[in-house]
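Heads up: the structure comes next, in structure tokens.
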Amino acid sequence: MILRIDRIATELPPPSDPDPAGAAAVQELLGGRFGEMSTFLNYTFQSFNFRNRQGARPFYDLVANIAAEEFGHVELVAATIATMLTDPSSEKTKAPQDGLADVKGIGNPQHVIAGGRGALPQDSNGRPWNGDYVFSSGDLVEDLTHNFFLETGARNNKLKVYEMVEHPAARALTGYLLVRGGVHQVAYARALECLTGADLMKLFPAPRIPTEKIPECRPHLERGDHLRLYRFSPEDYQELPAVFTGPHPETGEELEVIDEAPEGVPANDLPAQPAVFAPDYAPEEISEIAEKLRKAADLPKQPTGVVA
Ligand SMILES: [Fe+2]
């Protein structure tokens, strides 16, 4: 089962100038071959299909636990794309005016026409994420080798998107994911080392990314987030430290398992976009209905959720 926490993994800046072309590029990090849907669903299916769990418990725990973090990365990329597509002026320009004319020919038209200026499970060409991206052979060494390759490709794509897209939300996203992807890459390399004796640590950094030179990576590195694997469960996946241990291949610092999920931060409450009916042509009517329902259910007058 999955337990859900209504917070995102790291702070994103609030909406500023929309960047539909940048948002289309960031889609590669969500629904591309090396995107977060791929990391999430590769590790998820591998954990679903994992045999002899008790006999191989530290490895099962590692794959299942990283899958949970990846779900949060899918959420974070989606939040970034929606932030980049949010038009602060859109509230005033509703149909039948030309409130959407300024995005004609820029970025992915489906973001506006099929979606409510939000993320879609697609790559940067608008192609749907594909289940064929999942590799779950059942052979642990093969699956872990694949996962190391997947994390390496993911970091490569993140760096290219960083270089291509200057929007502050995209920069905050890629800075964070480069650091966290690096942790997963180390985790899979170490797991392979534990199983086979092969020294994959000599491959680092792969690709040759100087993360310490990237300003948006630095706060996460200074906090030590490049060394930490978080345990994404109240009780389970206790055997992570059996594999995730030893020195970091690039810095020599000691790897560390944190015995709880990261705190996360509340997401920005993105404003309504009436021109695309998100959440409605007249969002204030939905707010009125919600207020009445809340009162009838004896809930507090103010909404209970937390937003940034
Ligand atoms: Fe990820």
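Numbering follows the working numbering, with no gaps: position 78 of the sequence shown is 172.
Ideal Cβ placement from N, Cα and C applies to all residues, glycine included.
According to DSSP, residues forming a beta bridge with residue i
{"i": "residue 372", "result": "367"}
{"i": "residue 323", "result": "351"}
{"i": "residue 216", "result": "222"}
{"i": "residue 401", "result": "For residue 401, which the question treats as bridged, DSSP gives no partner whatsoever."}
{"i": "residue 359", "result": "102"}
Simplified DSSP state of residue i, which is helix, strand or coil
{"i": "residue 102", "result": "strand"}
{"i": "residue 203", "result": "helix"}
{"i": "residue 341", "result": "strand"}
{"i": "residue 331", "result": "coil"}
{"i": "residue 128", "result": "coil"}
{"i": "residue 239", "result": "helix"}
{"i": "residue 96", "result": "coil"}
{"i": "residue 142", "result": "helix"}
{"i": "residue 109", "result": "coil"}
{"i": "residue 229", "result": "coil"}
{"i": "residue 381", "result": "helix"}
{"i": "residue 198", "result": "coil"}
{"i": "residue 192", "result": "coil"}
{"i": "residue 151", "result": "helix"}
{"i": "residue 252", "result": "helix"}
{"i": "residue 395", "result": "coil"}
{"i": "residue 208", "result": "coil"}
{"i": "residue 346", "result": "coil"}
{"i": "residue 318", "result": "coil"}
{"i": "residue 114", "result": "helix"}
{"i": "residue 180", "result": "coil"}
Under 8 Å between C-beta atoms of residue i and residue j
{"i": "residue 323", "j": "residue 351", "result": "yes"}
{"i": "residue 144", "j": "residue 154", "result": "yes"}
{"i": "residue 405", "j": "residue 387", "result": "Because the chain is modelled from 95 through 402, residue 405 falls outside the range shown and cannot be assessed."}
{"i": "residue 244", "j": "residue 133", "result": "yes"}
{"i": "residue 147", "j": "residue 179", "result": "no"}
{"i": "residue 123", "j": "residue 251", "result": "yes"}
{"i": "residue 295", "j": "residue 283", "result": "yes"}
{"i": "residue 266", "j": "residue 109", "result": "no"}
{"i": "residue 120", "j": "residue 171", "result": "yes"}
{"i": "residue 115", "j": "residue 201", "result": "yes"}
{"i": "residue 355", "j": "residue 102", "result": "no"}
{"i": "residue 290", "j": "residue 206", "result": "no"}
{"i": "residue 224", "j": "residue 331", "result": "no"}
{"i": "residue 334", "j": "residue 342", "result": "no"}
{"i": "residue 329", "j": "residue 315", "result": "no"}
{"i": "residue 369", "j": "residue 193", "result": "yes"}
{"i": "residue 55", "j": "residue 373", "result": "Outside the displayed range of the chain (95 to 402) lies residue 55, so it cannot be described from this structure."}
{"i": "residue 161", "j": "residue 183", "result": "no"}
{"i": "residue 273", "j": "residue 319", "result": "yes"}
{"i": "residue 261", "j": "residue 113", "result": "yes"}
{"i": "residue 181", "j": "residue 367", "result": "yes"}
{"i": "residue 255", "j": "residue 264", "result": "yes"}
Top-ranked residue by Cα proximity to residue i, from the options
{"i": "residue 308", "options": "294, 271, 286, 330", "result": "271"}
{"i": "residue 299", "options": "291, 278, 314", "result": "278"}
{"i": "residue 297", "options": "356, 256, 246", "result": "246"}
{"i": "residue 139", "options": "114, 233, 109, 195", "result": "233"}
{"i": "residue 304", "options": "345, 327, 290, 210", "result": "345"}
{"i": "residue 100", "options": "161, 173, 117, 148", "result": "173"}
{"i": "residue 326", "options": "166, 131, 104, 370", "result": "166"}
{"i": "residue 126", "options": "239, 397, 214, 141", "result": "214"}
{"i": "residue 217", "options": "131, 312, 112, 161", "result": "131"}
{"i": "residue 86", "options": "160, 268, 380, 230", "result": "In the structure displayed, the chain extends from 95 to 402; residue 86 sits before or after that span and is not available."}
{"i": "residue 176", "options": "292, 341, 111", "result": "111"}
{"i": "residue 209", "options": "402, 371, 380", "result": "371"}
{"i": "residue 276", "options": "248, 398, 188", "result": "248"}
{"i": "residue 157", "options": "259, 384, 239, 316", "result": "239"}
{"i": "residue 105", "options": "376, 363, 367", "result": "363"}
{"i": "residue 199", "options": "261, 118, 188, 168", "result": "118"}
{"i": "residue 340", "options": "262, 368, 394, 293", "result": "293"}
{"i": "residue 288", "options": "367, 376, 337, 95", "result": "337"}
{"i": "residue 190", "options": "383, 301, 375", "result": "375"}
{"i": "residue 128", "options": "151, 164, 152", "result": "164"}
{"i": "residue 402", "options": "392, 365, 378, 259", "result": "365"}
Whole runs of the alpha helix (DSSP H) within the segment 260-311, excluding any shorter than 4 residues:
262-290
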